[in-house]
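Residue numbering for the sequence shown follows our numbering, starting at 196 and increasing by one per position. Encoded as structure tokens, the structure appears first; notes follow it.
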Amino acid sequence: MLQAIVYADVFDFPLTLPEIHRYTVGVAATPDEVASVLGPSSPLAALLYREDAFFMLADRRHLARRRRERARASRALWQRALMYARLLAAVPFVRMVALTGALAMENATENDDIDYLIVTEPGYLWLCRAMVIAVVRLAALRGDRICPNYFLSTAALTLDDHSLFTAHELAHMVPLAGLDVYEQMRRLNTWTNQFLPNADGPPQHIPPFTAWRFTRWGEALLRSPLGQRVEQWERERKVRLFTAQGRGIPEVHFSEHQCKGHFSQHGQRAMQTFAQRWADVVAAFNLPSLHLE
């Protein structure tokens, strides 16, 4: 349970009891068992501070106020995130739209990006991405920054990066369209249970969007030799360009079935920070170490 709190601390995010249960690292437990471990007579009590529903490290008491502030900012962003998700879900060949990043955890600031993971039909990922960029530009005209920085086709739902960071990304993303594809993705990545055995299903359920009729018409028109040539042209030039830009960065990958543009190496930095903070807690309280890969 403590590892869950320390990991969330990397993102300045105190956790509620249900969240600690969901994100407990490496230990299958019931909510009652987690509550018992975090009770006032627990050995962990000296390490933690509780304010209302929020648990945090004892020297990070200011995070309760910060979470409330970010929750208010996130509520304002959520309505826009849902609106843009409807537009993204209407793009031909989109099969899933999921909210990721800080907003998915309701930990966003007022001017944060709205991050999405988008799953497409195989063979049309790069054509689909080009159409999605039109939605990105529309949002920019309205003063919103939406960031669909991870595209996968349904042929590439099994993820290669088996890390705590990626397990968290899967566990906290919120499917906004394509719940069946989300469920398939979770089934194909059961390795996440090694890290987060209590994180079943999405963290919250959003009523699914109904596909717009013109979406299917658009797909019918683009399933043509011309559409396939445009897909090949867009794929070849963008894979070449992005691969050159991302050379030496392990968190980027570009191929027929994937466009992963994590140029900032956010995952690597988060894991490095977590490792250091956990080491500090271990040293301060003489706790057992943790395998963090």
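Backbone N, C-alpha and C define an ideal beta-carbon position, used for all residues, glycine too. Quick caveat, the model's predicted, so the values are computed rather than measured.
Pull the bridge partners of residue i from the DSSP assignment, please.
i    : result
Y279 : Its beta-bridge partners do not exist; DSSP assigns none.
T315 : V289 and S348
Y244 : M251
A469 : Residue identity check: residue 469 is Phe in the sequence provided, not Ala. Paired residues: none, contrary to the question.
Q453 : L347 and S450
C342 : D310
Which term fits residue i, buried or exposed, when burial requires 16 or more other beta carbons within 10 angstroms of its beta carbon?
i    : result
Q471 : exposed
E305 : exposed
P226 : exposed
E426 : buried
H448 : buried
E328 : Residue identity differs from the one stated: residue 328 is Ile in this sequence, not Glu. Label assigned to I328: exposed.
F469 : buried
W473 : buried
G296 : buried
G234 : exposed
R263 : exposed
F480 : exposed
T385 : exposed
D490 : The chain is shown only over 196 to 488; residue 490 falls outside these bounds and no answer can be derived.
R435 : exposed
A334 : buried
R382 : exposed
R324 : buried
A280 : buried
L416 : exposed
T438 : exposed
H486 : In this predicted model, H486 has a pLDDT of only 48, less than 50, meaning its place in the structure is not dependable; the value taken from the coordinates is given anyway. Looking at its Cβ environment, which holds fewer than 16 other Cβ atoms inside 10 Å, H486 is exposed.
P209 : buried
A271 : exposed
D204 : buried
S419 : exposed
S269 : buried
D310 : buried
R265 : buried
A285 : buried
R332 : exposed
Does the Cβ of residue i lie closer than 6 Å to at least one heavy atom of the ligand ADP?
i    : result
W412 : Looking for the ligand ADP in the displayed structure turns up nothing, as the structure carries no ligands at all.
Rounded to the nearest angstrom, how far is the Cβ of residue i from that of residue j, given a contact under 8 Å?
i    : j    : result
L242 : L197 : 7 Å
G373 : R290 : 5 Å
L322 : G422 : 7 Å
T349 : P317 : 6 Å
T379 : L352 : Position check: residue 379 holds Gln in this sequence, whereas Thr was assumed. The pair is a contact, with the Cβ atoms about 6 Å apart (cut-off 8 Å).
P343 : L283 : 7 Å
V330 : I313 : Contact flag wrong, Cβ pair sits at about 10 Å.
G221 : Q389 : 7 Å
P287 : E451 : That pair is no contact at about 18 Å.
V229 : L239 : No, V229 and L239 are not in contact; Cβ-Cβ is about 11 Å, not under 8 Å.
R261 : D308 : Not confirmed; about 19 Å, so no contact.
L347 : Q463 : In fact, because the Cβ distance is near 20 Å, the residues do not count as touching under 8 Å.
K455 : Y377 : In fact, because the Cβ distance is near 18 Å, the residues do not count as touching under 8 Å.
Worksheet item: Quick one: any contact between the segment 384–399 and the segment 353–371, if contact means 3 or more CB pairs under 8 Å?
Response: yes
Fill in: Every unbroken beta strand (DSSP E) within the segment 258–306, with a cutoff of 3 residues, ordered by chain
289–295
Worksheet item: For the segment 205–239, which segments carrying the beta strand (DSSP E) assignment without a break, of at least 3 residues, lie completely within its bounds, in sequence order?
Response: none
Worksheet item: Is the segment 206–223 touching the segment 294–306 in the sense that three or more CB pairs, one from each, lie closer than 8 Å?
Response: yes
Worksheet entry | the segment 402–416 touching the segment 338–356, judged by at least three CB pairs closer than 8 Å | no
Fill in: Given 8 Å, three or more beta-carbon pairs between the segment 243–250 and the segment 200–211
yes
Item to complete: Run through the segment 349–429 for me and flag every whole beta strand (DSSP E) of 3 or more residues, listed as ranges in chain order.
Response: 369–372
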